[in-house]
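Numbering (the numbering used here), first residue to last: 58 to 576.
Laid out in structure tokens, this is it:
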């Protein structure tokens, strides 16, 4: 007998693994750059360029891009910048990975340390965490009806259904959101002779699924260090630029639950003239590379049991794996640090602060998700001297937090995102540095479970001896735990016939009730 089946699309993690890799390189200053006296600040970014899947292994190629801002002793050029790359060529063992599988690799720059070897050479050391995940779209087939309606109409078989609430994967794609922004320096600032250093970081980015589009909003924190016209004084300008927009996305609906991974990339940083022809406007393009995954809650009814009235019915079942959306959870924690600066670095003012959050693998704990990690801040400041020498202090703040989630248990799966916002630093009495920030946590939580589902049913002739042993007329006394379905299945009688014979409006029975059975 044929069953009508429904394919339920769900993301399934085939395999995953992570590894730390150490990078090191000595980097020479080019001949056109002045000698280095000391390092002021560094920054880095890991770019994954190629991932190849082979049997049980993923081969990864990429690079660490770094920049170093350093102080010089050259008149008229007190600071300078060098940049470079360190290649990455690694392989990760992924049990069960097959050739041609799609592997997503994320990279976290856990540590970047730069030291000055001599006035013409730097040493760059980095620790990079590579996380590789292979996911596949899995179809779970569930029987939702019996195809042969002519047979069921003659009351030859009885079947019942049960509700099933599942989160089905309805969208899986990549896209790019681009924005071109400008930042014009205030009128009291000198014109821009040349750009020395910049830092551009998106923050608080939010996505919402709407009809055939995804809305995007957030803000960009920008900092520019530049050489002013005239005396060549080193100047700085920082601001926050809000942004909002929409990305066309056919098939998107408000009912979808988004899980969007966003990697930012800054391009085409430049200086252009204002309306008066003076070089006073910074321009840049911010690119958000998006991996869009979305699921939707769906209410189904699947076959849970079948029995025959005039035929014997055999059932083959299998274990099906499902998940459903449980809840969203969010939380925040405040971090603060107070430290004393070395005497030679006693500061006049903070120029800017940048930061990032690194979390270890989140884990279930009673009532929520246990989170551990650290917030890493870099604070650039200038001393109180006439020269305005620049310095930088790296600060690590420990993170330990329980993200509460109602109904969570060990069967749940979750992905936690963390954003570092409201970053600030200030100088107190010239020698004390106060740093503050707020960490925001967001999680989508799913409950995973397995359930018996009917895979196939077969029919055969009834056992004549078994049928002859059943009474054609009987009164059955209901026991604790019995249902009308169980009674009908035991005596090969349709449930509707039992209701009709006993004048019952529904299927409710209780222990001690007497049920008339007519075959």
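By construction, the Cβ of each residue, glycine as well, lies at the ideal position given by its N, Cα and C atoms.
Note that this is a predicted model, so its numbers are computed, not measured.
Check: Span of the beta strand (DSSP E) around residue 195; Outcome: 178-203
Check: Three-pair Cβ contact test at 8 Å for the stretch 276-288 versus the stretch 240-258; Outcome: yes
Check: Exposed unless 16 or more other CB atoms sit within 10 angstroms - verdict on residue 360; Outcome: buried
Check: Alpha-carbon to alpha-carbon, residue 414 and residue 299; Outcome: 21 Å
Check: Among 434, 72 and 259, the one whose alpha carbon lies nearest that of residue 150; Outcome: 72
Check: Distance, residue 574 Cα to residue 208 Cα; Outcome: Residue placement at residue 208 is flagged as unreliable, the pLDDT there being 44, under the threshold of 50; the coordinate-derived value follows with that caveat. C-alpha separation (whole angstroms): 23 Å.
Check: Cα-Cα separation between residue 307 and residue 269, rounded to whole angstroms; Outcome: 5 Å
Check: Beta-carbon proximity list for residue 225, same chain, < 7 Å, skipping 5 on both sides; Outcome: 65, 66, 67, 352, 353 and 355
Check: From 200, 58, 134 and 75, residue whose alpha carbon lies closest to that of residue 94; Outcome: 134
Check: Any 3 or more C-beta pairs closer than 8 Å across the stretch 173-187 and the stretch 83-90; Outcome: yes
Check: Any beta strand (DSSP E) of 3 or more consecutive residues that is wholly inside the stretch 202-282; Outcome: 214-241 and 249-267
Check: Under the three-state DSSP convention, the category residue 559 falls into; Outcome: helix
Check: Residue closest to residue 229, alpha-carbon to alpha-carbon, out of 172, 317 and 198; Outcome: 317
Check: Residues near residue 468 by beta carbon distance below 8 Å, same chain, minus five either side; Outcome: 504, 505 and 506
Check: Cβ contact (3+ pairs, closer than 8 Å) linking the stretch 395-404 and the stretch 437-452; Outcome: yes
Check: Candidates 513, 424 and 242, of which the one nearest residue 335 by Cα; Outcome: 242
Check: Whole-number beta carbon distance between residue 99 and residue 124, since they are thought to touch under 8 Å; Outcome: 7 Å
Check: Straight-line Cα distance separating residue 470 from residue 139; Outcome: 44 Å
Check: Rounded distance between the beta-carbons of residue 296 and residue 273, thought under 8 Å; Outcome: No, residue 273 and residue 296 are not in contact; Cβ-Cβ is about 20 Å, not under 8 Å.
Check: Given 8 Å, three or more beta-carbon pairs between the stretch 482-497 and the stretch 377-391; Outcome: yes
Check: Neighbourhood of residue 114 by C-beta, 8 Å cutoff - its chain only, sequence neighbours within 5 removed; Outcome: 148, 149, 150, 151 and 154
Check: Alpha helix (DSSP H) segment containing residue 521, residue limits; Outcome: 521-525
Check: Extent of the continuous alpha helix (DSSP H) to which residue 380 belongs; Outcome: Here residue 380 belongs to no alpha helix (DSSP H); instead the beta strand (DSSP E) covers 368-397.
Check: Where residue 155 sits in the DSSP three-state scheme; Outcome: coil
Check: Residues that DSSP places opposite residue 549 in a beta bridge; Outcome: For residue 549, which the question treats as bridged, DSSP gives no partner whatsoever.
Check: Selected residue, minimal CA-CA separation from residue 458, among 383, 424, 479 and 489; Outcome: 424
Check: Which listed residue (174, 331 and 345) has its alpha carbon closest to that of residue 258; Outcome: 345
Check: Nearest-angstrom beta carbon gap, residue 543 and residue 261 [assumed within contact, 8 Å]; Outcome: 57 Å between Cβ atoms; not a contact.
Check: Simplified DSSP assignment, three categories, for residue 543; Outcome: helix
Check: Contacts around residue 480, its chain only, beta-carbon distance under 6 Å, and the 5 residues preceding and following it disregarded; Outcome: 410, 412 and 494
Check: Cβ-based neighbour list, residue 535, same chain, cut-off 7 Å, excluding 5 preceding and 5 following; Outcome: 566, 567, 568, 569, 570 and 572
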